[in-house]
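Protein chains: 2
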Amino acid sequence: MPESTQSLRALLQRTLHEEIPLSRVIGIRVAEVTPDSVTLAAPLDANINHKCTVFGGSLYSVAVLTGWGLIYTRLQALALDAHIVIHDSSIKYNRPVSADFTACCRIDTDKAFARFLEAYRRRGRARITLKVTIPDARGEPAVVFLGRYVIHTRS
Amino acid sequence: MPESTQSLRALLQRTLHEEIPLSRVIGIRVAEVTPDSVTLAAPLDANINHKCTVFGGSLYSVAVLTGWGLIYTRLQALALDAHIVIHDSSIKYNRPVSADFTACCRIDTDKAFARFLEAYRRRGRARITLKVTIPDARGEPAVVFLGRYVIHTRS
Numbered sequence: 004m005p006e007s008t009q010s011l012r013a014l015l016q017r018t019l020h021e022e023i024p025l026s027r028v029i030g031i032r033v034a035e036v037t038p039d040s041v042t043l044a045a046p047l048d049a050n051i052n053h054k055c056t057v058f059g060g061s062l063y064s065v066a067v068l069t070g071w072g073l074i075y076t077r078l079q080a081l082a083l084d085a086h087i088v089i090h091d092s093s094i095k096y097n098r099p100v101s102a103d104f105t106a107c108c109r110i111d112t113d114k115a116f117a118r119f120l121e122a123y124r125r126r127g128r129a130r131i132t133l134k135v136t137i138p139d140a141r142g143e144p145a146v147v148f149l150g151r152y153v154i155h156t157r158s
Numbered sequence: 004m005p006e007s008t009q010s011l012r013a014l015l016q017r018t019l020h021e022e023i024p025l026s027r028v029i030g031i032r033v034a035e036v037t038p039d040s041v042t043l044a045a046p047l048d049a050n051i052n053h054k055c056t057v058f059g060g061s062l063y064s065v066a067v068l069t070g071w072g073l074i075y076t077r078l079q080a081l082a083l084d085a086h087i088v089i090h091d092s093s094i095k096y097n098r099p100v101s102a103d104f105t106a107c108c109r110i111d112t113d114k115a116f117a118r119f120l121e122a123y124r125r126r127g128r129a130r131i132t133l134k135v136t137i138p139d140a141r142g143e144p145a146v147v148f149l150g151r152y153v154i155h156t157r158s
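Residue numbers (this note's numbering), protein chains in the order written: chain A, 4 to 158; chain B, 4 to 158.
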């Protein structure tokens, strides 16, 4: 039975905190889940460096979990259960982040995701590349992350 | 006065823990500093996920700080003071890491580093790409990280 975006938000929050203890330490909170997007939020204070900006490793960690969360909530909404792992990724830091921040992963078209699901259903394994952005105060991307994720059936 | 690799090891450990509090949380320890390499170590337990392997964001965080540490100790050995920031990077996860681990950044040839220092001395700004590997139990690279770092004069 498809779950509501509200219950998916709570499920994702619980799953992240239970399955990746570090996500609690860096203060990750699920800000929003929609059918097409996931937004995670994290505070400056738990992730600060001596320049009073967010440590690059924290920005990466929140970004990689945002993409993971998008796949997770979409699979949950379809009652599909799979392992989701990051295969490779790149990240570009356009400018420092010096406040509490959010990371957003949005699917603009369902085409790529439909192909991804079809490959998974056929072969029990599929990969997809997702983009995650961390906006600055004006909404411009301070950080851009591209992650290639693999899903496979649980053995 | 150039510092010994032993005092550089202690200096790097102190600097990481003071300047990036999260490095303490994820248990980063400076394992070794040589004139050509920096090796950081981190434990599985602080970085574990539900699959009992190391969270990809932790592997990234240790890798990015290993490259940072190599530049930092080299600059310190030359009594040079600069801001060191990560500009962009990529990471490939060849296989899961399921034990305490180390990350190593090694300079194979001094040529690129010499050019980097020359550019910094001339323009007060320079960039360099460094490779960091996290070996598995057999010494094969479980994770390969490439980071482009920028140094610039402190304003």
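We put the CB at the ideal spot given by N, CA and C, even for glycine. Since the structure is predicted, the reported quantities are computational estimates derived from the model, not experimental observations.
Under 7 Å between C-beta atoms of residue i and residue j
i: V100/B; j: V65/B; result: no
i: G150/B; j: I89/B; result: yes
i: L120/B; j: T76/B; result: no
i: L133/A; j: C107/A; result: no
i: V135/B; j: K95/B; result: no
i: L137/B; j: F104/B; result: Note that residue 137/B is Ile in the sequence shown here, rather than Leu. Yes, these two residues count as a Cβ contact at 7 Å.
i: Y123/B; j: Y63/A; result: no
Three-way DSSP call (helix, strand, coil) for residue i in this model
i: G72/B; result: helix
i: V100/B; result: coil
i: L11/A; result: helix
i: L78/B; result: helix
Beta-carbon separation (whole angstroms), residue i vs residue j, contact threshold 8 Å
i: G60/B; j: G60/A; result: 7 Å
i: L43/A; j: R32/A; result: 7 Å
i: L19/A; j: L68/A; result: 6 Å
i: S92/B; j: S93/A; result: 7 Å
i: A102/B; j: A140/B; result: 7 Å
i: V28/A; j: V28/B; result: 6 Å
Contact test: residue i Cβ vs the ligand MN heavy atom, cutoff 6 Å
i: L15/B; result: What this structure holds is no ligand at all, so the ligand MN is not there to describe.
Three or more C-beta pairs below 8 Å linking the segment 68-76 of chain B and the segment 32-44 of chain B:
Result yes; three or more Cβ-Cβ pairs closer than 8 Å.
Counting only runs that start and end within the segment 14-47 of chain A, where is the alpha helix (DSSP H) found for 4 or more residues in a row?
Here the runs fully enclosed are 24-28.
Across the segment 76-87 of chain A and the segment 22-30 of chain A, are there enough close Cβ pairs to call them in contact, namely three or more that are closer than 8 Å?
Contact fails: fewer than three Cβ-Cβ distances are below 8 Å.
Minimum length 4: unbroken alpha helix (DSSP H) runs contained in the segment 84-158 of chain A
Segments of the alpha helix (DSSP H) lying fully in the segment 84-158 of chain A: 113-126.
If you pair each beta-carbon of the segment 115-126 of chain A with each one of the segment 119-132 of chain B, do three or more pairs fall below 8 Å?
Contact fails: fewer than three Cβ-Cβ distances are below 8 Å.
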